[in-house]
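Chains as they are written, first to last, in this note's numbering: chain A, 1 to 333; chain B, 334 to 660.
Below is one structure, written out as structure tokens; comments come after it.
As structure tokens, this is what we get:
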């Protein structure tokens, strides 16, 4: 491993699914990288490949019908694609932790939350049951659950939604993973609880130096938490860069749409209300993507080339990457 | 389509909805959940009234009570000349054509075995509105009105996207030509890019048909965009109410301030957010309500007397009402 290798790098990963309607390319040459102590945000609508990117990093792409066709995923220089299942199982949960959107359905209803946190410590670190439970209680304290000893004996249904998500975070972080993947971690929660969870993720990340991949549809969450951001559309990364550059000068019309189509809270709202900018239409079916840019049918600024050739992800003026012919300077080739 | 002016106004007076209570077979007396506990507001015709709050604040129960879909414990609801809360049986059923609802989840709120055209037509059939041919024509018009193609009437709900399903939900609600549409988190289940399509459609329909909306949401950005007046609910009560500009430029209740501070801002500053008001913990249980202000246990400003006495909702200036001793 050279000094310049990022902690986790996803390179040109391609995932295909066999469906009744034909082959669907759900990830099309996706490349991402995240460093220790950094938060990478992935945004896009449902069906754009955000969660599939997470599953491919975890080695959890359902096979069949899915298949990692090509590409490379390296953690600290170690190749994860094609690794045997037993070794991958030891990395999952230990080096890469994951928290899911719906904490209630991801927790086991018949075990106490303490047992569920202790389980991963026992499995991955061969800790004694006693030591594992001590760690579980320490983790509950770390995620700011009051009366941790008492709560460790509670079952998931006895906790509120926010507390359950804290338990999920405690499970994911119990083995001090180097990478934490958070897939829409606050979508099911109230905004006030979401703010608490965001604070917690940021604190834990700066304490432990964990790299976080935050998957979300909320540009606000990206603005508040992430250092870098990748915008995904129809299985491809269409824009990528630091949060400041992407949010202050979005180049791809899809990114621009994602930012302007949401009514953002204004501290001083204008008296006159304007129509919201719409992104017309819906995400295309991945089985019948044409030759051109997948976003072209919904795009307001297309040129001829958009319909016939997929744009590559290339640097724009301020050094962030955009896959858009128009943003890259138009029709000249 | 011409603009129709309708005079009807929704008036809600001291609405209470309590669940449970009484005796249970096994454990003696059952606890009472004070889901809505003395809520009053009115909505002028053609305007949008928003209710915001966390889960458990009673905002959805308020909506369901106005729709007469939960039993009202106490209070009065009138829509124009119609005493919604006093109607029963066939009178209530007949009055329902004046007030309709759009639900949050466009997947579970449409019958999967019915074709889209039948779903939109069903209220017309149930209410015996118009002749057979008139109902057909009405459904065709409704499809166009909400941005669907008339030939899509033959499709089943699973053949529509989430946004299209919510358009169907709107068409169904519009079919009886209601005065009031209660919208319970109508865009929360939709993808971000689709939310704008539905919100713009709702605004257009309101302009064209003079509709009155009661808009329930936890998303303050959406509420700020679409509502004329907004009430903030906490544990079954309104803690602050104001017109749109006043509420967001001059929030006075500490709970409103905390709600606003919790919203992630796209153009905010990462360093600023750690200095904002943060609410700790979850709301107290609506079963064992505290004696004083219900927000006192989470309030960063609470004083001793806040825990003893409950602050009434009082008018401060113009249309701004606040329930807090300190503001």
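Idealized CB from N, CA, C, for every residue including glycine.
Neighbour flag for residue i against chain A, beta carbons, 8 Å
i                      : result
residue 461 of chain B : no
residue 524 of chain B : yes
residue 596 of chain B : yes
residue 503 of chain B : no
residue 465 of chain B : no
residue 376 of chain B : no
residue 611 of chain B : yes
residue 653 of chain B : no
residue 577 of chain B : yes
residue 517 of chain B : no
residue 533 of chain B : yes
residue 592 of chain B : yes
Same chain only: Cβ atoms within 8 Å of residue i, ignoring 5 sequence neighbours per side
i                      : result
residue 80 of chain A  : 57, 59, 73, 74, 88 and 91
residue 362 of chain A : Given that chain A is displayed from residue 1 to residue 333, the structure contains no residue 362 of chain A and the question cannot be resolved.
residue 661 of chain B : Nothing about residue 661 of chain B can be reported from this structure: the residues present for chain B run from 334 to 660 only.
residue 535 of chain B : 503, 516, 519, 546 and 559
residue 589 of chain B : 565, 572, 573 and 580
residue 385 of chain A : No answer is possible for residue 385 of chain A: it lies beyond the span of chain A, which begins at 1 and ends at 333.
residue 259 of chain A : 219, 247 and 250
residue 363 of chain B : 353, 354, 355, 356 and 357
residue 613 of chain B : 631
Beta-carbon proximity check, residue i vs residue j, cutoff 8 Å
i                      : j                      : result
residue 27 of chain A  : residue 211 of chain A : no
residue 67 of chain A  : residue 34 of chain A  : no
residue 459 of chain B : residue 468 of chain B : no
residue 118 of chain A : residue 104 of chain A : no
residue 324 of chain A : residue 252 of chain A : yes
residue 566 of chain B : residue 380 of chain B : no
residue 562 of chain B : residue 540 of chain B : no
residue 431 of chain B : residue 415 of chain B : yes
residue 31 of chain A  : residue 12 of chain A  : yes
residue 247 of chain A : residue 599 of chain B : yes
residue 555 of chain B : residue 45 of chain A  : no
residue 435 of chain B : residue 394 of chain B : no
residue 164 of chain A : residue 107 of chain A : yes
Any C-beta of chain B under 8 Å from that of residue i
i                      : result
residue 247 of chain A : yes
residue 318 of chain A : no
residue 235 of chain A : no
residue 107 of chain A : no
residue 85 of chain A  : no
residue 46 of chain A  : yes
residue 293 of chain A : no
residue 20 of chain A  : no
residue 299 of chain A : no
residue 273 of chain A : yes
residue 41 of chain A  : no
Spatial neighbours of residue i in its chain, beta-carbon cut-off 6 Å, leaving aside the 5 residues before and after
i                      : result
residue 36 of chain A  : 7, 209 and 211
residue 604 of chain B : Reliability of the predicted coordinates at residue 604 of chain B is poor, the pLDDT of 48 falling under 50, and the value obtained from them is presented with this limitation in mind. Result list for residue 604 of chain B: empty, nothing under 6 Å.
residue 49 of chain A  : 26, 27, 232 and 235
residue 396 of chain B : 515, 517 and 549
residue 428 of chain B : 415 and 420
residue 418 of chain B : 405, 409 and 410
Exposed unless 16 or more other CB atoms sit within 10 angstroms - verdict on residue i
i                      : result
residue 512 of chain B : buried
residue 309 of chain B : Not covered by the structure: residue 309 of chain B. The range shown for chain B is 334 to 660.
residue 327 of chain A : buried
residue 321 of chain A : buried
residue 47 of chain A  : buried
residue 171 of chain A : buried
residue 366 of chain B : buried
residue 483 of chain B : exposed
residue 20 of chain A  : exposed
residue 95 of chain A  : buried
residue 329 of chain A : exposed
residue 464 of chain B : exposed
DSSP bridge partner residues for residue i (one or two, in chain order)
i                      : result
residue 198 of chain A : Answer is none; residue 198 of chain A lacks a bridge partner.
residue 99 of chain A  : A:182
residue 220 of chain A : In the DSSP output, where bridge partners are listed per residue, residue 220 of chain A has none listed.
residue 524 of chain B : Partner(s): none; residue 524 of chain B has no beta bridge.
residue 213 of chain A : A:40 and A:181
Cutoff 7 Å; reference residue i; Cβ partners in own chain excluding five residues on either side
i                      : result
residue 450 of chain B : 472, 486 and 487
residue 553 of chain B : 385, 592, 593 and 596
residue 196 of chain A : 162
residue 17 of chain A  : 24, 26, 65 and 66
residue 278 of chain A : 261
residue 522 of chain B : 437, 438, 439 and 495
9 Å Cβ cut-off: residues of chain C touching residue i
i                      : result
residue 543 of chain B : Annotation note: the requested chain C is absent from the structure, which comprises protein chains A and B.
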